[in-house]
Structure formats: structure tokens, C-alpha cells
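Numbering (the working numbering), first residue to last: 928 to 1337. Even for Gly, the Cβ is constructed at its ideal location relative to N, Cα and C. Accompanying notes for the structure given below.
Take a look at the structure:
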């Protein structure tokens, strides 16, 4: 794996490489601690060992799939880098933050091979970026070159796939050996890491995903904007181009992205709230009040009420079911036209309930939404105009972009 722009991250390449190795080893420890604690919570042998009273763990350690693993790393890096910026730790993490479909994620700049570039995006769930690798892909590319032949992780599946499973492979003896080296981590940093890791280990994977995704109303809105404008709107426009014959791309990929990104907007604007609140209260309840970690956590993580009672987030929450319903409607229309072949059972069920919400909304405006029964009787040009009109009306309901606000344009 070849890295670029190293001077943006460290004074020299050697120092950067050491910090990458350090960060990856720390992440492997976080995953091991979470997996061990999660296994203990789920699979405790009721008969404790009579010799030492310790609980026996049953079965192999659980894994995290790529989304949850990404958010574990994001949450840790957010805390650790703020500790460093507060002069509490010696090193920052090795990564840089970039937007992704599931929110901000930790990345490294890379030079991709020609074969990689050709293969990118052929699968609708492949959101790889040409110059950046997100954490699961970093694991894949570095797992044989991290040093001393210690495998830190085991992957099952393609690293770009949301369902890729990441298992911990770190051993306690390897970790114990590493921490004896002061160049790896000093005693103060190790103490902070121990607190952070034990607190993360207390969270469920859904709580990790929520608190790793969100930290403030502003960032939540910016993440939604990335979904809406960088993925959903571009996919929708490409679908219209394909329908009128100006683009010969794979329409299945783009219709799939309409559904997944609009569903993600519902998650960010609404469904993640309870899990975030639970994670926030659980994490902060285990920290010594007014300690450096407590201060950092309160600085970087706003309360659930601050995030989800924000006016812009509330607007997204109101319109996101309409956007999701419209995305499913688009797929159903393309299915009726014979362009999209497969409709999943879950989609058919969602189409029933969300179509009603969409139809009620369009009737109130009012704008025309073609009934499914009439689609085959309409010229394709009229269908394109109808879809474009509904889309434009939905976009009008969206809040002013955070990027515009932040630039001081309005």
C-alpha cells in the first residue's frame, strides 16, 4: 500500500508509519476488549469455576461488521485527538476524517492500482473513494505489514461491503509485550486508553454506531447533506439521464443508492436518537466527573436533546420519510416499466406504508403523483417530468445547507 501526502500527517514518512502501526494496534485492543465484554454479556456460563470464581466465556469472540467497526474507530479517534489537542496525550491518531454514507469516518490517503480503479463502484454498496481508504479497507491492506507477524484482525467479506465482518486477532500476550515499550505508549496514555476502552466495551454495537455517527447538530446536518446531495441527488439525476437515453450506466446501482441513502437520512435525523442517548448517558456515567476525559467528552459530544431538537435536524426528520417513500416509489415505477427486475419482500412491505405518506404529502401540495396502475399508459417523457417535479418539491422542504450557513453566505 502506498501513501501520499505524508507531510500533511507527520514530519517524515518513518514517523508516520510508526504512528499508523501504533494506531492500528490500539484499535485492535479496543475491538478485543469490546468483543470480550460483549461475549461475557451474552454467553456467560452460569456455573462459575469453583477454583477462582471467574465466569467462563462460551464460543468465539463476536465481531463487528464494517459500519459498526468504522464508528467504534471514529468515536475513539474523536476522543483521543481532542485529548491530544488538550495536551493530555503524546500522540494523535494517524488518520484524517472524511465524509461517508454512514457519516464521518477515519481515512488514509492512498494510491490505488489500476485494477482497483476499474472495479470501484460496480457494486452499488461500493462507496470507495479514489484517494481515500476507510478503516476496514485500511485493515485489509495493512494486515500483513503491521509488524512482527502479528495478525491484528480477521476479515470475512469484501472490505468495502457494509456486511464485512471484522474479528479481533490480537492476543493479550502481544499487547502486554507492546506496552512494556515506552516508545509505543507512555504510562499516562495507557491509563487514558484503559478508561476509554473499558467504557466503549460497555456499549452495545448499536450504541457504538449512534455515538460514533453523531457528536453535534452541525455535523449531523453536514452528514445528512452529504447523503442527500452527494449521493441521493446525483443518483436520482443519473437515473433520469438513463431514462431519457443520455447515460448508459447501470440503473440498478443508482436506484439502490436512492433507497439506502434516504434510509440513512431517516436514521440520522430520527432513529439514532434513543441509542445515542443511551450511549451518551452510559459512557458519561462511568467517567470521573471533571476529569480530563470527562471534560473532553462533554466538549466533543453534545446531548441528544441538543442534536435532535435542532431546527434543521427536525426539518430533516419531518421530510425524510417522504424522501424514502419517493425513493421506493421510483423503484416501483422502474419495476413496472421493466427496467428494474427485483423487488425485495422488505421493500414491498415498506412501499405500502411509505407510499401512503408520500401520496398524502403530494395531495396536500398539490402535485401529481402517477398511480402505479397508470404508469404503463404514460409516455416515458411524462414520467421523467413527473419524477423531476416531485423531487424538486421535496428538495424545497430541506433546510438551508449547513455548508452555506458556515460560509456566511446567508
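Residue 1050 is positioned such that its CB atom lies no closer than 7 Å to that of residue 1034. By the C-beta density criterion, residue 1066 is buried, having at least 16 other C-beta atoms within 10 angstroms. About 12 Å separates the beta carbons of residue 1139 and residue 1024, which is beyond the 8 Å limit, so they are not a contact pair. With respect to the 7 Å criterion, residue 1151 and residue 1089 are not classified as neighbours on the basis of their beta carbons.
Runs of alpha helix (DSSP H) with 4 or more residues, each lying fully within the region 999 to 1087, are found at 1041 to 1046 and 1062 to 1069, listed in chain order.
A contact is defined here as three or more CB-CB pairs under 8 Å, and the region 1221 to 1240 meets this definition with respect to the region 1009 to 1019. Spanning the alpha carbons of residue 1236 and residue 1244 requires a straight line of approximately 10 Å.
The beta-carbon separation of residue 1246 and residue 1178, rounded to 25 Å, does not stay under the 8 Å limit for a contact. Fewer than three Cβ pairs drawn from the region 1079 to 1095 and the region 1193 to 1206 lie within less than 8 Å of each other, which leaves the two stretches out of contact. If one requires a minimum length of 4 residues, the alpha helix (DSSP H) runs lying completely within the region 1090 to 1147 are 1099 to 1105, 1114 to 1128 and 1132 to 1140, in chain order.
For residue 1295, the three-state secondary structure derived from DSSP is coil. Note on geometry: alpha-carbon atoms of residue 967 and residue 1004 lie some 25 Å from one another. Secondary structure note for residue 1213: it is in no alpha helix (DSSP H), with a DSSP letter that is neither H nor E. Contact between the region 1154 to 1162 and the region 1112 to 1131 is absent, with fewer than three C-beta pairs closer than 8 Å. Sorting 1304, 1262, 1286 and 1242 by C-alpha distance to the C-alpha of residue 1327 places 1242 at the top. Within the DSSP bridge table, the entry for residue 1167 names no partner. Note on residue 1240: 16 or more other CB atoms within 10 angstroms of its CB, so buried under the neighbour-count rule. With respect to residue 1251, residue 1281 sits close: the two C-beta atoms are nearer than 7 Å. With fewer than 16 other CB atoms across the displayed protein chains lying within 10 angstroms of its CB, residue 1283 is exposed.
Under DSSP, the beta-bridge partners assigned to residue 991 are 1093. Rounded to the nearest angstrom, the Cβ distance from residue 1063 to residue 1100 is 26 Å, too far for a contact under 8 Å.
Between residue 1103 and residue 1017, the C-beta gap is not smaller than 7 Å, which leaves the two residues out of contact. Around the Cβ of residue 1171, a 10 Å sphere holds fewer than 16 other Cβ atoms; the residue is exposed. Cβ atoms of residue 1206 and residue 1137 come within 8 Å of each other, at about 6 Å. Taken atom to atom, the span from the alpha-carbon of residue 1322 to that of residue 1186 is near 16 Å. Taken atom to atom, the span from the alpha-carbon of residue 1209 to that of residue 1166 is near 44 Å. Collapsing the DSSP output to three states places residue 1230 in coil. Look at residue 1267 here: in three-state DSSP terms it is coil, with no helix or strand label.
Secondary structure note for residue 1153: it is in no alpha helix (DSSP H), with a DSSP letter that is neither H nor E.
The three-state reading of DSSP puts residue 1172 in coil, since its state is none of H, G, I, E or B. Around the beta carbon of residue 1248, 16 or more other beta carbons lie within 10 angstroms, which makes this residue buried.
Taken atom to atom, the span from the alpha-carbon of residue 949 to that of residue 1013 is near 20 Å. Within the same chain, 1147, 1199, 1203 and 1234 come within 7 Å of residue 1141 by CB-CB distance, once the 5 residues on both sides are set aside. For the 7 Å CB-CB criterion, residue 1124 and residue 960 form a contact.
When the Cα atoms are used, residue 1181 and residue 944 turn out to be separated by approximately 38 Å.
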